[in-house]
Each structure stands twice: as C-alpha cells, then as structure tokens.
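Please read the structure below before turning to the comments.
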Amino acid sequence: MNVLNSGVIETLVLMLILLLIKGFFSGSEIALVSSDKIKMRHKARMGHKGAQIVLDLFKTPDILLGTTLVGTNIATVALTTLGTLLMVKYFGDDGDLYALLIYSPIFLIFGEIVPKSIYQQNANTIAPAIVRVLRLFSLLFYPIIFIFSRIARTVAKIVGAGNPDSSLFISREQMRSIVEMAEMGSNLDDFDRNRIKRAINFADTIVGQVMTPVPDMVALDQNTSLGNAVRLSQSMHFHDIPVYQNNISNIVGILSLEPWEVLELDLEQKTLLQVIKPALYVTENQYLEELFHLFDQQNCNTAIVVDEFGSTTGIIDKQDLYEEVVGDLESSPEESSRRRYNQKMLFQELGQDCYMIDAKLPIAEVNDILGININASEFYSLGGFMLSHLHHLPKTGESINECGYNFIIHSMTARAIKTIKVERLVN
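Here is the structure:
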C-alpha cells in the first residue's frame with residue numbers, strides 16, 4: 463500500500479497496531495525476565511503449559527532476547543517510516559523534524575515505558591499467557607535470530623566474555639539481593655529468613671566476629687592439678703578448656719579428654735601439662751570457611767585466637783561455626799561441647815522499639831534484631847561500635863544516634879561497657 467495515496471485514518475490505524483506490537487515485544491522481554499522462576503516451576507509441576515514454555519525459553523536466552531529485539535526493531539522501523547512519510551506528505555521538507563519531535567516521545571512512552579511497567583508489575587500472570595505467541599514469533603524470526611546469535615556468540619568469545627552457560631550460576635551478592643527482595647512478600651518467618659542470611663554470609667564472616675573474647679573465657683593455669691582440672695571440666699560440661707602459662711594471654715595447650723580417657727588416667731600421678739594437646743592458633747581476620755577446613759584437617763574442635771603479637775584475644779570452636787549458620791543450638795549441658803560465656807548474651811525487649819542489649823552482642827546480630835545496617839568493618843560487638851564513635855571510655859548515660867536509633871550507655875565496669883539501652887528515635 464502506498465501511504466502517500468492512502469487516507470490518514472488508515473495510516474494512523476496501522477501505526478497504532480504497530481505501536482501495540484512494539485509494546486508487546488518490549489513488555490514481553492521484561493515480563494519473562496521479571497517472572498518468579500520458583501513460581502513458574504511450581505505451576506509447571508501442576509501442569510501449566512505456559513509456565514513450562516517460560517522455563518524452556520530460559521534454557522536458550524539468546525533466542526528469547528533475539529525474538530523480542532527483532533520484533534521491537536521491526537515495529538520501530540515500520541512506525542518511524544510510516545510516521546515520517548505521513549509528516550512529509552503534509553509538511554514537506556520539514557516533515558522529518560516534525561516526525562522526530564512528535565513521534566519520539568509517543569513511541570517512547572506508549573511503546574516502551576508504559577508496556578514495560580504494566581508487564582513487569584504483572585509478570586507472573588502475563589508471562590505464561592503471552593509466551594506461546596512469543597514462541598510463534600521466535601519460529602518466524604528464527605533465520606534472523608540464528609544469524610545474529612551466532613555473530614554475538616563469536617564476538618563474545620573473541621572479547622573473552624566467557625561461557626554463556628555461566629549465567630546459570632549466581633554470585634553471593636546476587637543471592638543476598640534475592641533474599642532481600644523476597645522479604646517484602648515472603649511467608650518466611652524471622653528465624654528462617656535469618657538462617658538463610660547467615661548461610662549466605664558465612665563465607666564472608668571472619669573469626670573476630672564470632673569468637674568468645676578473653677574476658678569471657680574459662681581457662682586453667684598450667685599448675686592446676688589434673689584432678690581439679692578434670693572435675694572443673696565435668697562440672698561445667700566443657701569438653702575443651704585452654705591451659706595457660708603465667709597469664710591467659712599465653713595459651714600453651716588444650717585440655718580435651720573423652721570420658722573413657724578420664725577413667726584410664728591416674729589423676730594423682732600425672733600433671734596437666736602431660737595430657738594437654740597442642741592448640742590450633744588462628745587470627746581474628748581468618749574467614750570461618752577456612753577455619754572449618756582447618757578443624758577437619760587438624761582433627762580438632764577448638765582454636766585459640768591470637769593478635770599480631772601472639773597474645774590470646776579469644777577462642778572459637780566448631781559449635782560457634784554451626785551456630786553462625788543455624789543460630790543458637792538448643793541442647794542440654796551434657797550434649798553441648800561447651801559454652802564459655804558466663805551468661806547468655808543479654809537481649810531484653812523493654813517495650814515497643816526499646817531494648818536492653820549486652821555490649822558483647824555481635825553487631826551482625828544487632829543489625830538483625832533492629833532491622834538496620836551498621837557497618838562492622840572496624841568492630842565486632844555493640845560495645846566496640848559505641849567505643850568507635852565515642853573515642854573514649856564512656857560514662858553511664860552517654861549516647862549516640864545511628865540508623866534511626868538512640869544508643870545509651872546503661873551500665874559500665876571500670877574497663878568496659880556492660881549493657882546498652884537502645885530506643886527508636888521519634889521523627
């Protein structure tokens with residue numbers, strides 16, 4: 463049809479149809495990309511054919527994207543040609559300029575922005591509904607798509623873009639983003655959500671964030687009699703107890719005895735130094751993932767944490783690693799390998815958005831409890847966070863504001879912060 467000899471109405475109707483086609487291909491791409499793959503997989507198992515086709519298309523992403531791009535570009539070229547010819551017919555040489563000024567915003571808004579917004583917001587419903595039509599167009603466009611996809615793959619190999627199959631894997635950062643987005647509409651309770659977060663963050667967590675610090679350690683002087691040492695271990699249900707020389711900063715070994723070993727020992731004749739085992743030493747900056755492998759290699763359950771000068775700064779064991787993933791392990795004293803904290807970390811809800819928190823509580827747990835994001839790169843505990851901001855040993859009542867909360871020093875010892883009261887700030 464020669465548009466110059468046709469009526470304006472017929473041309474505008476044809477342009478409207480092309481604009482809808484352009485919107486269809488633009489929206490289809492965003493709908494398929496935004497669709498929930500887990501929901502699609504569930505629908506497919508329930509026999510939904512459309513959902514299964516969506517999953518099949520994701521196995522060939524180059525064909526999927528090629529189809530939407532070819533369809534969008536064909537519609538765009540046809541729209542631009544018709545629009546320009548129409549403007550030239552009525553405005554002569556200035557028609558090109560009028561076409562650019564009038565049609566560009568119309569095509570952008572109604573051919574890209576509006577359909578993409580609608581399709582994205584209803585992706586899980588629209589994707590299975592339109593995927594059959596999209597697959598039909600993929601068959602029609604296949605010769606063109608095949609040529610361009612081969613060119614794209616060849617260029618990607620030349621520039622070192624990697625194997626396209628690598629897109630099947632996601633990074634830890636992407637996984638964190640998925641969990642954060644899922645929180646808004648998820649049925650997961652706080653326990654499950656935190657457990658998932660802990661598992662994702664495990665490889666990036668360092669020993670200093672999890673260890674039991676020196677003030678909370680239970681340790682034995684090397685001159686303690688073996689009988690007293692064993693009785694202390696049994697009464698406190700500690701499987702491993704560090705042994706020090708002169709002071710707790712100088713750990714020389716670990717007392718680790720199984721019940722049958724205690725029965726075989728002559729507690730009166732042997733000394734503590736004769737039965738202790740060599741300690742595994744690690745630094746505060748080692749990653750938990752690395753430490754987990756070290757425990758297996760050394761066939762031990764406990765490690766002593768030391769600083770750059772070789773002095774003891776804390777202790778960590780396998781149970782600490784397990785709890786970093788699954789949270790506190792509910793077990794009886796007999797079943798627990800040991801717990802070095804003199805008392806369970808204090809966390810008490812005083813009222814709405816008001817808490818009393820032990821200064822030793824790891825900052826990662828404070829973030830989870832309060833739903834905030836304090837950067838813990840320079841400190842590990844809530845007390846360390848307070849000292850980092852105050853730059854001196856504070857007094858009771860001193861406070862700072864951070865992340866929408868007021869952190870108030872509630873109680874102190876002569877050398878350390880004990881508890882901190884946390885209240886949400888009122889706007």
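Just so you know, the sequence shown maps onto residues 463 to 889 in the working numbering.
For each residue, glycine too, the CB sits at the ideal point set by N, CA and C.
Less than 6 Å between C-beta atoms, sequence neighbours within five positions excluded: which residues of the same chain meet that for D627?
Locating residue 627 in the sequence shown gives position 165, counting from the first residue. The pLDDT assigned to D627 is 48, lower than 50, so where the model puts this residue is not dependable; a value taken from the coordinates is nonetheless given after this. No residues qualify anywhere along the chain.
Buried or exposed (CB count within 10 angstroms, at least 16 for buried), S843:
For the purposes of this step, residue 843 is taken as residue 381 along the sequence shown, with counting starting at 1. By the 10 Å Cβ count, S843 comes out buried.
Which residue comes first and which comes last in the alpha helix (DSSP H) that contains R503?
For this step, residue 503 is matched to residue 41 along the sequence shown. Where R503 is concerned, the enclosing alpha helix (DSSP H) stretches over 499-507.
Go to G545, then tell me how far its alpha helix (DSSP H) extends in each direction, as first and last residue.
Translated into positions along the sequence shown, residue 545 becomes position 83. Residues 523-553.
I871: which of D782, L480, L849, V888 sits nearest, CA to CA?
For the purposes of this step, residue 871 is taken as residue 409 along the sequence shown, with counting starting at 1. Nearest C-alpha to I871: L849.
Using three-state DSSP, classify F841 as helix, strand or coil.
Counting from 1 along the sequence shown, the entry for residue 841 is found at position 379. Coil, per DSSP.
Output yes or no for whether 8 Å exceeds the beta carbon distance between I738 and L756.
Counting from 1 along the sequence shown, the entry for residue 738 is found at position 276. Counting from 1 along the sequence shown, the entry for residue 756 is found at position 294. It is not a contact, given that the beta carbons lie outside the stated cut-off.
Using only alpha-carbon positions, find the residue among P523, G485, F869 that is nearest to A456.
Nothing about residue 456 can be read from this structure; the chain reaches only from 463 to 889.
Please name the residue, chosen from Q736, D666, I525, that lies closest to L688 on a Cα-to-Cα basis.
Here the question's residue 688 lines up with position 226 in the sequence shown. Checked all of Q736, D666, I525; the closest Cα to L688 is Q736.
Below 8 Å, how does it come out for the segment 812-829 and the segment 770-781: are there three or more Cβ pairs, yes or no?
no
If we count Cβ pairs, one from each stretch, closer than 8 Å, do we get three or more for the segment 849-865 versus the segment 675-695?
no
Taking the continuous beta strand (DSSP E) assigned at R877, which residues delimit it?
One-based indexing of the sequence shown puts residue 877 at position 415. No beta strand (DSSP E) contains R877, which DSSP labels as neither H nor E.
Would you mind working out which of L823, Y867, H853, F847 sits nearest I834, comparing C-alpha positions?
Counted from its first residue, the sequence shown places residue 834 at position 372. Answer by Cα proximity: Y867.
Burial state of Y581 (16 or more Cβ within 10 Å)
Translated into positions along the sequence shown, residue 581 becomes position 119. Buried: at least 16 other Cβ atoms inside 10 Å.
N-terminal and C-terminal residue of the beta strand (DSSP E) that L481 is part of
Looking up residue 481 in the sequence shown gives position 19. No beta strand (DSSP E) holds L481; the alpha helix (DSSP H) holding it covers 470-496.
Cβ neighbour criterion (16 or more within 10 Å) applied to I609:
Position 147 of the sequence shown, counted from the first residue, corresponds to residue 609. Exposed.
When the Cα atoms are used, what is the spatial distance from I471 to F603?
Here the question's residue 471 lines up with position 9 in the sequence shown. Here the question's residue 603 lines up with position 141 in the sequence shown. About 30 Å.
C-alpha gap between N709 and N685, whole angstroms
By one-based count along the sequence shown, residue 709 stands at place 247. By one-based count along the sequence shown, residue 685 stands at place 223. Roughly 12 Å separates the two Cα atoms.
Helix, strand or coil at Q583 [DSSP, three-state]
Your numbering for residue 583 matches position 121 in the sequence shown. DSSP places Q583 in helix when its eight states are reduced to three.
Got a sec, what are the start and stop residues for the alpha helix (DSSP H) Y560 sits in?
To locate residue 560, count along the sequence shown from 1; it is residue 98. Its alpha helix (DSSP H) spans residues 557-570.
In chain order, what residues of the same chain lie with their CB nearer than 6 Å to the CB of A741, ignoring the 5 residues before and after it?
Counted from its first residue, the sequence shown places residue 741 at position 279. If we look at A741 and ignore the five residues flanking it on each side, its Cβ neighbours are I713, G715, I716, I766.
Quick check: the segment 515-528 against the segment 550-564, are there 3 or more CB pairs under 8 Å?
no
Using 10 angstroms around the beta-carbon of F553, count the other beta-carbons present and answer buried if the total reaches 16, otherwise exposed.
Residue numbering aside, residue 553 sits at position 91 when the sequence shown is read from its first letter. That one is exposed.
How many whole angstroms separate the CB atoms of F572 and L474, which I take to be in contact at a CB cut-off of 8 Å?
Here the question's residue 572 lines up with position 110 in the sequence shown. Here the question's residue 474 lines up with position 12 in the sequence shown. That belief does not hold up - the Cβ atoms of F572 and L474 are roughly 13 Å apart, past 8 Å.
T616 in three-state terms, based on DSSP:
Here residue 616 corresponds to residue number 154 of the sequence shown, with the count starting at 1. Looking at T616 - three-state DSSP - the assignment turns out to be helix.
When the Cα of R589 is compared with those of A540, M502, M477, which residue comes out closest?
Your numbering for residue 589 matches position 127 in the sequence shown. A small correction: the amino acid at residue 589 is Ala; Arg does not occupy that position in the sequence shown. Ranking the options by Cα distance to A589, first place goes to M502.
List the whole-angstrom C-beta distance separating T542 from G557, where the pair is believed to meet the contact cut-off of C-beta under 8 Å.
Looking up residue 542 in the sequence shown gives position 80. Looking up residue 557 in the sequence shown gives position 95. Actually they do not touch by this definition, with Cβ atoms about 12 Å apart.
Among the residues of its own chain, which have a CB less than 8 Å from the CB of L734, if the five just before and after it don't count?
By 1-based counting over the sequence shown, the position of residue 734 is 272. Same-chain partners within the cutoff: L682, Q684, N685, T686, S687, L688, A691, V705, L717.
By how many angstroms is the C-alpha of T529 removed from the C-alpha of I613?
Translated into the one-based positions of the sequence shown, residue 613 becomes position 151. Translated into the one-based positions of the sequence shown, residue 529 becomes position 67. Roughly 15 Å separates the two Cα atoms.
Could you tell me which residues DSSP puts in a beta bridge with V884?
What you label residue 884 is simply residue 422 of the sequence shown in a count that begins at 1. Answer is Y817, F869, bridged to V884.
For the alpha helix (DSSP H) holding V767, just list the boundary residues, first then last.
For the purposes of this step, residue 767 is identified with residue 305 of the sequence shown, where counting begins at 1. That residue, V767, is in no alpha helix (DSSP H); its beta strand (DSSP E) goes 764-768.
What residues are listed by DSSP as bridge partners for S683?
Position 221 of the sequence shown, counted from the first residue, corresponds to residue 683. Inspection of the sequence shows that residue 683 is occupied by Asp rather than by Ser. According to DSSP, D683 bridges with Y706.
Strictly by DSSP, which residues pair up with I778?
The count along the sequence shown starts at 1 and reaches residue 778 at position 316. Beta-bridge pairing links I778 to A765.
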